[in-house]
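Colleague:
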Amino acid sequence: MDYTTKIANTTFDHLFINAAGVYCQTAEQLDQIQEAEAVAAVMTKSATAELRLGNQEPRYAAFPDQHNTINSMGLPNLGLDYYLNYVLKSHLKRPTIFSVVGLSQTEIVANLKKLQASNYTGLAELNLSCPNVPGEPQIAYDFQTTDEILKQVFAFYDKPLGIKLPPYFDLAHFDQIAKILNRYPLAYVNSINSVGNGLVIDPKTDKVVMRPKDGFGGLGGAQIKATALANVRALRLRLRPEIKMIGTGGVTCGRDVFDHLLCGADLVSVGSQLAIEGPTVFARLEKELEAIFTEKQITSLDQVCGKLKIF
Ligand code: SIN
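Its first residue numbered 1, the sequence shown is counted upward by one per residue in UniProt numbering.
1) Starting from Thr294, trace the alpha helix (DSSP H) both ways and give me its first and last residue.
2) Quick check on DSSP: helix, strand or coil for Leu78?
3) Taking 7 Å as the cut-off, is the beta-carbon of Ser272 closer than that to any non-hydrogen atom of ligand 1?
4) Less than 8 Å between the beta carbons of Ser129 and Lys164, yes or no?
5) Kindly list the residues whose CB is nearer than 8 Å to the CB of Pro95, restricted to its own chain and excluding five residues on each side of it in sequence; keep chain order.
6) Could you tell me the distance, in whole angstroms, from the CA atom of Asn71 to the CA atom of Tyr3?
7) Within this structure, are the beta carbons of Lys225 and Asp206 separated by less than 8 Å?
8) Looking at the secondary structure, which residues open and close the beta strand (DSSP E) in which Leu126 lies?
9) Using DSSP's beta-bridge definition, name the partner residues of Arg52.
10) Name the two residues that bound the continuous beta strand (DSSP E) containing Ser191.
11) For the beta strand (DSSP E) holding Ala62, just list the boundary residues, first then last.
12) Is the number of C-beta pairs between the stretch 232-243 and the stretch 263-277 that are closer than 8 Å three or more?
13) Using the three-state DSSP reduction, which class does Ile17 fall into: helix, strand or coil?
14) Could you give the residue range of the beta strand (DSSP E) that holds Thr26?
15) Label Leu150 either buried or exposed according to how many other C-beta atoms from any shown protein chain fall within 10 Å of its C-beta, with 16 as the threshold for buried.
16) Where do the N-terminal and C-terminal ends of the beta strand (DSSP E) with Ile97 fall, by residue?
17) Cβ-heavy atom distance between Asn68 and ligand 1 below 7 Å?
18) How about Leu30 and Thr44: do their beta carbons lie closer than 8 Å?
19) Ligand 1 and Asn111: does any heavy atom of the ligand fall closer than 7 Å to the residue's C-beta?
20) With a 10 Å radius around its C-beta and 16 neighbouring C-beta atoms as the bar for buried, classify Gly135 as buried or exposed.
21) Report yes or no: do three or more beta-carbon pairs, one from the stretch 199-215 and one from the stretch 50-66, lie closer than 8 Å?
22) Have a look at Met245 and Thr227 and give me their C-alpha separation to the nearest angstrom.
23) Helix or strand or just coil, what does DSSP make of Asn182?
24) In this structure, how does DSSP classify Asn68 when only helix, strand and coil are distinguished?
25) How big is the Cα-Cα spacing for Ile298 and Asp158?
26) What residue from Ile292, Val109, Asn190 has the CA that sits closest to Ala20's CA?
27) Determine the closest residue to Asp214 out of Thr26, Glu35, Pro58, Arg183, with distance taken between C-alpha atoms.
28) DSSP on Asn197, reduced to helix/strand/coil?
29) By the three-class DSSP mapping on this structure, what secondary structure does Asp256 have?
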């Protein structure tokens with residue numbers, strides 16, 4: 001299968017990227033991803049201006065079924081300069097996507113100004129959806145602030161930029177966020193971040209499984225697939241066709257990838273299953289997807305992407 005896909009100035013020859021989640025913090029992890037088979041691009045951990053330790057441990061747990069997770073990482077990262085240094089390295093095998101975050105509007109703008117002034121010309125992603133910073137709301141649930149940030153950013157940022165959204169649950173919210181996003185020259189929308197503020201209890205101890213936020217954290221893995229598909233589908237139907245989509249959430253097997261494609265994803269990102277299985281997950285997913293294509297006699301991505309059938 002020819003997986004060639006283009007978003008803005010970047011051409012990808014596979015479908016899979018890592019989510020800016022729990023397995024992309026260090027150069028070692030990023031190197032492992034870019035060396036892995038079937039990888040389209042390497043996404044850096046969402047960077048704040050300075051190094052950030054994130055929340056106290058334990059802050060991540062995989063469920064016994066090995067297909068679901070909860071995390072409250074709290075954006076631990078090595079700082080913007082560290083990831084800038086990484087993506088500017090000349091020997092990288094794969095394209096990169098530079099994930100940027102900020103704990104205030106001022107920090108977001110300052111971080112993107114730094115990226116704008118740098119030699120980095122690849123894709124960047126603005127993370128407006130982390131549920132795990134104590135005391136901080138998920139920005140993209142506040143439509144007015146999201147609009148203000150995008151207005152401020154696109155007044156100076158002229159390199160390709162995508163946005164990472166939280167899940168929405170009301171059709172009215174899809175209408176509202178799409179109306180805002182359609183006003184800006186976004187390269188893509190990445191949907192969804194983890195489903196915020198779930199709670200998992202260990203039956204052996206009757207205790208929450210994570211320390212930060214008294215156990216509340218972002219859910220990932222199989223349990224969020226239906227929500228992720230609904231978000232990709234609902235946004236694909238509402239966004240301008242030039243805005244590409246990265247589908248994230250609930251990808252544990254080839255069929256999950258196929259479903260994201262049906263809903264309109266151009267690339268598919270993997271968070272929980274990457275943390276559980278490691279970077280060999282991408283080759284397994286591609287192999288399982290190929291088997292589905294063969295069985296259904298599908299020879300081109302155009303036959304699948306956005307082709308979900310309804311009654
Ligand atoms: C985290 O660092 O808390 C996870 C990543 C995110 O939710 O954006």
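Just so you know, even glycine gets a beta-carbon here, dropped at the ideal spot from N, CA and C.
Modeller: This is what the structure gives:
1) Counted as a single uninterrupted DSSP element, the alpha helix (DSSP H) harbouring Thr294 occupies residues 281-296.
2) Secondary structure at Leu78: coil, using DSSP grouped into helix, strand and coil.
3) Remark: the C-beta of Ser272 is outside contact range of ligand 1, defined as less than 7 Å to any heavy atom.
4) Yes; because the gap between Cβ atoms is below 8 Å, this pair is in contact.
5) Hits under 8 Å: Thr10, Thr11, Phe12, Ala40, Ala41, Val42, Gly122, Leu123.
6) When rounded, the distance between both Cα atoms is 31 Å.
7) Taking the C-beta atoms as reference points, Asp206 is found no nearer than 8 Å to Lys225.
8) 123-127 is the span of the beta strand (DSSP E), which, as asked, contains Leu126.
9) BP columns for Arg52 point to Asn77.
10) Following the DSSP letters along the chain, one finds Ser191 inside the beta strand (DSSP E) bounded by residues 188-191.
11) From DSSP, the beta strand (DSSP E) with Ala62 extends over 60-62.
12) Short answer: they touch.
13) The three-state secondary structure of Ile17, taken from DSSP, is strand.
14) Here Thr26 belongs to no beta strand (DSSP E), and DSSP marks it neither H nor E.
15) With 16 or more Cβ atoms within 10 Å of its Cβ, Leu150 is classed as buried.
16) Run containing Ile97: 96-100, per the beta strand (DSSP E) assignment.
17) Result no, Cβ not under 7 Å from ligand 1.
18) Using a Cβ distance threshold of 8 Å, Leu30 and Thr44 count as a contacting pair.
19) Annotation for Asn111 indicates a beta carbon at 7 Å or more from all heavy atoms of ligand 1.
20) Counting C-beta atoms within 10 angstroms of its own C-beta, Gly135 has fewer than 16 neighbours from the protein chains shown and is therefore classed as exposed.
21) Yes, the stretch 199-215 touches the stretch 50-66.
22) Just so you know, the alpha carbons of Met245 and Thr227 end up roughly 15 Å apart.
23) If DSSP states are grouped into helix, strand and coil, Asn182 belongs with coil.
24) It is a strand residue.
25) Spanning the two alpha carbons is a distance of roughly 37 Å.
26) The shortest C-alpha separation from Ala20 is found at Asn190.
27) Nearest of Thr26, Glu35, Pro58, Arg183 to Asp214, Cα basis: Pro58.
28) The three-state reading of DSSP puts Asn197 in strand, counting E and B together.
29) In the three-state reduction of the DSSP assignment, Asp256 falls in the helix class, which pools H, G and I.
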